[in-house]
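Beneath this line is the structure, given in structure tokens, with notes to follow.
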Amino acid sequence: MKDRNEGRINRDQLITVGDLEIFKTSLIQEIKNLLTNATSTTAKKWLKSSEVRKLLGISSGTLQNLRVNGSLNFTKVGGIIFYDCDEIQKLLRDNADR
């Protein structure tokens with residue numbers, strides 16, 4: 008499949024079944040790599056208050072009430088409050104309409 012043009016093919020060039028198999032394997036591996044990198048970079052373990060408010064669509068007061076009544080655990084570091092993503096998902100599951 009590859010020629011002097013670094014992987015480019017001409018309209019009149021023949022492609023074999025083997026070429027297609029190699030391309031398929033390469034494409035699947037590239038997609039797996041992209042998915043692995045995307046999930047590892049986008050999945051944050053801890054969120055700031057502003058991120059949680061945006062995610063849940065709630066006000067600062069509502070978020071504070073969730074903290075005060077113990078519905079949502081948090082950690083405070085240097086004056087910044089962080090929330091565990093797993094705790095947020097648990098809160099959503101526990102309050103889901105059944």
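Counted the way the numbering used here counts, the sequence shown spans residues 8 to 105. Ideal Cβ placement from N, Cα and C applies to all residues, glycine included. These numbers were taken from a predicted model, which means no experiment stands behind them.
For residue 30, the secondary structure class from DSSP, reduced to helix, strand or coil, is helix. Residue burial annotation: residue 59 is buried, with at least 16 other C-beta atoms found within 10 angstroms of its C-beta. Rounded to whole angstroms, the gap between the alpha carbons of residue 70 and residue 56 is 8 angstroms. The DSSP-derived three-state label of residue 51 is coil.
Secondary structure note for residue 95: it is in no beta strand (DSSP E), and the uninterrupted alpha helix (DSSP H) holding it is 92-101.
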